[in-house]
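Chemist:
Protein chains: 2
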Amino acid sequence: MSIIVQKYGGTSVADTMHIQNVARRIIATKQAGHQVVVVVSAISGTTDDLVKMAYELNPCPAEREMDMLLATGEQISIALLSMAIAGQGHDAISFTGAQVGIETDRSHTKARIVNVKAARLEEALTQGKIAIEAGFQGVTDSSDITTLGRGGSDTTATAIAAKLGAELCEIYTDVAGVYAADPRVVAGVRQLKRVSYDEMLEMAATGAKVLQLRAVEYARNHGVRIAVKSSFDDSEGTLIGEVEETMEKAIVSAVTHDADESKITIFGVPDHPGIAATVFRELADEHINVDMIIQNVSEDGITDISFTVPGEDLVRGRAVVDGLVGTLEARGSACDERIAKVSLVGAGMKSHPGIAAKMFEILAEEKINIDMISTSSIKISCVISEDEVERAVRALYNGFGLGQEFQAKE
Amino acid sequence: MSIIVQKYGGTSVADTMHIQNVARRIIATKQAGHQVVVVVSAISGTTDDLVKMAYELNPCPAEREMDMLLATGEQISIALLSMAIAGQGHDAISFTGAQVGIETDRSHTKARIVNVKAARLEEALTQGKIAIEAGFQGVTDSSDITTLGRGGSDTTATAIAAKLGAELCEIYTDVAGVYAADPRVVAGVRQLKRVSYDEMLEMAATGAKVLQLRAVEYARNHGVRIAVKSSFDDSEGTLIGEVEETMEKAIVSAVTHDADESKITIFGVPDHPGIAATVFRELADEHINVDMIIQNVSEDGITDISFTVPGEDLVRGRAVVDGLVGTLEARGSACDERIAKVSLVGAGMKSHPGIAAKMFEILAEEKINIDMISTSSIKISCVISEDEVERAVRALYNGFGLGQEFQAKE
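Line order of the protein sequences matches chains A and B.
319 is the number that numbering that gives the first Met the number 0 gives to position 320 of the first sequence; each next residue is one higher, with no gaps.
409 is the number that numbering that gives the first Met the number 0 gives to position 410 of the second sequence; each next residue is one higher, with no gaps.
(1) For a test of the three-state rule: what should DSSP assign to S229(B), helix, strand or coil?
(2) Can you list, in chain order, the residues of its chain with a C-beta nearer than 6 angstroms to that of G267(A)? Leave out the 5 residues immediately preceding and following it.
(3) To the nearest angstrom, how far is it from the Cα of A258(A) to the Cα of I383(A)?
(4) Less than 8 angstroms separating the beta-carbons of R119(B) and Q98(B)?
(5) S157(A) by DSSP, collapsed to three states: which one?
(6) With burial defined as no fewer than 16 other Cβ atoms inside 10 Å of the residue's Cβ, what is the status of M0(A): buried or exposed?
(7) Restricting to runs no shorter than 3 residues, where is the beta strand (DSSP E) found entirely within the region 126-213 of chain B?
(8) My guess is that I377(A) and V341(A) are in contact by the Cβ rule of under 8 angstroms, so how many angstroms apart are they, rounded?
(9) Which residues does DSSP pair with F412(A) in a beta bridge?
(10) Rounded to the nearest angstrom, how far is the Cβ of T108(A) from that of G148(A), given a contact under 8 angstroms?
(11) Using a C-beta cutoff of 8 angstroms, does Q74(A) count as contacting chain B?
(12) Between E336(B) and the rest of its own chain, which residues show a CB-CB distance below 6 angstroms, the 5 nearest in sequence each way excluded?
(13) If you pair each beta-carbon of the region 38-48 of chain A with each one of the region 67-82 of chain A, do three or more pairs fall below 8 angstroms?
(14) Checking contacts by CB at 8 angstroms: is T146(B) closer than that to chain A?
(15) Can you pull the chain B residues whose beta carbon is under 7 angstroms from the beta carbon of G86(A), in chain order?
(16) At a CB-CB cut-off below 8 angstroms, which residues of chain B make contact with P352(A)?
(17) Quick check on Q34(A): buried or exposed, where buried means 16 or more other Cβ atoms within 10 Å of its Cβ?
(18) Expressed to the nearest angstrom, what Euclidean distance is found between the alpha-carbon atoms of V308(A) and E121(A)?
(19) To the nearest angstrom, how far is it from the Cα of M67(B) to the Cα of T145(B)?
(20) Mind checking if S142(A) is an interface residue toward chain B, Cβ cutoff 8 angstroms exclusive?
(21) Please decide whether P182(A) counts as near chain B, where near means a Cβ-Cβ distance under 8 angstroms.
(22) From D233(A) to I131(A), what does the alpha carbon distance come to, in whole angstroms?
(23) What number of angstroms, rounded off, separates the C-alpha of Q5(B) from the C-alpha of I25(B)?
(24) Sort I379(A), E235(A), T103(A) and V115(A) by Cα distance to V174(A) and report the nearest one.
(25) Pull the bridge partners of F94(B) from the DSSP assignment, please.
(26) Do the region 359-366 of chain A and the region 275-287 of chain A touch if we need at least three Cβ pairs shorter than 8 angstroms?
(27) So for Q19(A), helix, strand or coil by DSSP?
(28) Could you give the residue range of the alpha helix (DSSP H) that holds E73(B)?
(29) Cβ of L68(B) less than 8 angstroms from any chain A Cβ?
(30) What does E260(A) touch in chain B if you count any residue whose Cβ is under 8 angstroms from its own?
(31) What does Q34(A) pair with, by DSSP beta-bridge criteria?
(32) Classify C59(B) as buried or exposed, calling it buried when 16 or more other Cβ atoms lie within 10 Å of its own Cβ.
(33) Determine, for E64(B), whether the minimum Cβ-Cβ distance to residues of chain A falls below 8 angstroms.
(34) Identify the residues that DSSP records as bridge partners of H256(B): which are they?
(35) Determine the contact status of E395(B) and V209(B), defining contact as a CB-CB distance below 8 angstroms.
(36) Quick check on H221(B): buried or exposed, where buried means 16 or more other Cβ atoms within 10 Å of its Cβ?
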């Protein structure tokens with residue numbers, strides 16, 4: 000019998016009515032002849048009051064204790080969902096991350112899964128039960144409770160699907176799938192039917208919020224097919240899988256954007272070997288996520304180095320850089336929070352070198368200045384002014400004909 | 000260094016202000032030179048909404064899932080309390096029942112502790128940390144989460160104190176200690192300074208709510224000294240220990256009462272051997288707690304059997320009895336919810352046979368009719384009408400001079 004893993008986010012289990020709906024959906028999947036494992040997030044909003052209390056008690060609470068606190072959210076969801084399914088006449092059993100053996104490293108609040116045991120899930124399925132597993136949480140080798148960080152339940156679901164060799168991992172959320180651009184920016188935006196792992200990775204890395212980057216990485220590394228769907232209707236959603244499965248041969252699949260980036264620049268650095276290594280080693284040691292890096296061609300042995308970081312890392316990144324200005328004998332540093340990144344992602348771009356040029360032309364026609372450029376084989380990103388990003392997204396969406404299922408070859 | 004175990008109930012950690020107060024009290028104990036292990040209940044009221052949701056989803060939720068749900072309450076308390084202590088500058092670390100190894104049987108919602116491991120508590124104490132342990136919860140040999148039932152946190156604290164060989168187990172609650180009668184019934188009632196295990200057991204069994212019967216049993220069996228104190232002031236509280244420690248040589252220590260009992264009677268039972276065995280085996284198999292049993296002297300080979308059960312067991316108890324009336328060839332059955340039990344408890348009663356007679360006289364003077372009588376070596380209980388129980392308590396409290404520390408010998 001094939002196994003389906005379903006993951007439901009916090010808004011899908013927001014109250015008892017929603018929980019009953021989710022229970023019905025799960026039971027329907029079982030009745031269609033599948034074994035079902037369900038991964039659930041905390042009920043949206045439940046932990047907000049707890050976090051508020053935590054910071055009232057201690058402005059800087061230990062991360063281990065924060066995990067202890069937050070893990071209760073999913074434990075509540077699994078118990079309630081299991082009761083709802085039983086109330087509708089089907090056998091269900093709930094498990095915490097520790098009970099199933101979602102083993103992680105010890106990086107509290109952002110732990111990484113190192114092993115999945117899942118024997119209890121298999122046992123429950125063998126007994127004909129629906130297995131309900133707490134998302135977002137794991138356990139260390141010393142039995143301490145960890146959480147996986149933002150979007151962690153997606154990763155839990157993917158990891159379990161990989162371990163059980165599930166036919167499909169369905170990620171239910173409050174949107175109907177993956178879109179060719181942010182629906183809040185482009186009216187009537189087209190939903191994508193199929194996306195390759197690599198495209199989804201680039202989309203997640205460049206601002207698409209629908210799936211967590213780590214979940215997609217995990218899925219790609221373990222060959223887990225993911226379907227992103229809405230828990231509020233019965234639409235087909237978006238399938239994420241191997242390239243050969245992504246039947247749409249679009250050159251450009253989507254335009255993504257991310258307004259939560261900031262740029263840090265070090266001016267007037269004497270350009271000799273090892274400068275970049277010094278800067279980015281120091282930033283890495285501080286766990287600062289550097290995204291794009293630009294080093295200008297040297298003039299008179301003096302260069303500028305710019306890089307972008309997520310907004311939350313700006314303050315710490317700036318501190319690292321300011322500490323280095325003296326060591327590097329640089330002229331100074333600056334930062335700019337008013338930037339945004341707009342990107343084109345598409346597996347077909349590999350063999351179509353004209354895409355970048357066309358992207359720059361479209362932005363030029365809109366009189367949007369490009370500050371930094373970064374490319375991969377299936378992605379082009381431009382850093383532009385934050386004020387212009389939505390206009391850029393719409394121009395690129397229309398300019399590349401992303402509203403049509405099949406684009407004309409360039 | 001001596002170990003002190005402190006248990007705080009839900010009202011003691013009702014909000015962040017209370018949690019900070021509790022944290023201060025714990026730190027003061029540590030600074031007085033003790034190693035401190037703290038057992039905490041769920042914040043009062045936190046689980047009420049969850050239980051409401053549970054019953055909305057399923058009028059008859061599985062007990063295993065109920066335990067999964069309810070155990071989150073203590074997990075929240077331990078994390079917050081640990082953060083509060085850290086915020087006040089001291090090292091603390093929290094543990095769930097599973098992490099510490101509070102091993103129980105599989106009787107979900109009313110599990111019994113079968114073993115306590117506590118290695119992680121000892122490790123934390125060795126590291127100079129304050130250890131914070133979730134009360135009320137345990138874990139089965141199959142890693143399922145259990146709860147210990149009403150007052151379970153007292154039992155957790157006592158069991159941990161026993162395991163660690165603690166000098167004292169302090170039970171903090173919203174009353175200042177153990178009283179010679181219910182303070183809501185007798186104005187200005189005297190607080191007891193010392194009570195023996197046996198007295199406390201009888202008091203708990205006959206209606207005193209301050210400590211859970213099982214916690215007292217556990218304490219007696221393992222020689223754990225318990226102090227019952229208020230977390231809202233610094234009064235000395237009541238010490239519960241061995242008889243030799245109970246310095247007050249009172250004949251009667253306390254008058255207790257319990258209005259939550261019901262009486263079931265089987266009329267006209269042919270009186271032959273095995274009748275009582277049949278009835279009470281059947282009740283035991285249904286897990287109905289029978290308290291007092293009276294079988295009248297047989298007249299013409301026909302007898303009546305009466306017994307009392309807790310209010311919550313009445314419906315099931317009545318069903319068992321009704322099912323037996325035919326088998327037993329009895330005349331019928333009846334039940335009475337309007338009864339109450341009033342009891343005198345005192346270690347000194349053993350050697351003073353006049354106590355029972357005096358008790359009956361006092362009740363007779365008050366024109367209170369006695370329905371059933373049951374005695375042990377240190378207790379006399381009378382079942383009377385529920386309407387008269389508070390009057391009975393006050394009459395006995397005054398009649399036996401329980402307001403005075405040392406009573407005149409009879």
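Backbone N, C-alpha and C define an ideal beta-carbon position, used for all residues, glycine too.
Modeler: The short version:
(1) Under the three-state reduction of DSSP output, S229(B) falls in the strand class.
(2) I301, A329 and R330
(3) 10 angstroms
(4) yes
(5) Here the sequence assigns Thr to residue 157(A), which means Ser is not the residue at that position. Helix, per DSSP.
(6) exposed
(7) 129-133, 136-138, 144-146, 167-172 and 193-195
(8) The pair is not a contact, with the Cβ atoms about 16 angstroms apart (cut-off 8 angstroms).
(9) Past the boundaries of the shown model lies residue 412(A); chain A is included only from 0 to 409, so the question cannot be answered.
(10) 6 angstroms
(11) yes
(12) S261
(13) yes
(14) no
(15) L56 and N57
(16) Residues of chain B passing the Cβ test: none, with the nearest at roughly 55 angstroms.
(17) buried
(18) 42 angstroms
(19) 7 angstroms
(20) yes
(21) no
(22) 21 angstroms
(23) Rounded to the nearest angstrom, the two C-alpha atoms are 8 angstroms apart.
(24) E235(A)
(25) DSSP output for F94(B) lists E132(B) as bridge partner(s).
(26) no
(27) helix
(28) Under the DSSP assignment, E73(B) falls in the alpha helix (DSSP H) whose first and last residues are E62 to G86.
(29) Among the residues facing chain A, L68(B) is included, as its CB has a counterpart in that chain under 8 angstroms away.
(30) What E260(A) touches in chain B: nothing, since even the nearest Cβ is about 32 angstroms away.
(31) I2(A)
(32) Classification of C59(B): exposed, given that the 10 Å Cβ count is below 16.
(33) yes
(34) V341(B)
(35) Looking at the sequence shown, residue 395(B) is not Glu but Leu. Taking 8 angstroms as the Cβ cut-off, L395(B) and V209(B) do not qualify as a contacting pair.
(36) H221(B) is exposed by the Cβ-count criterion.
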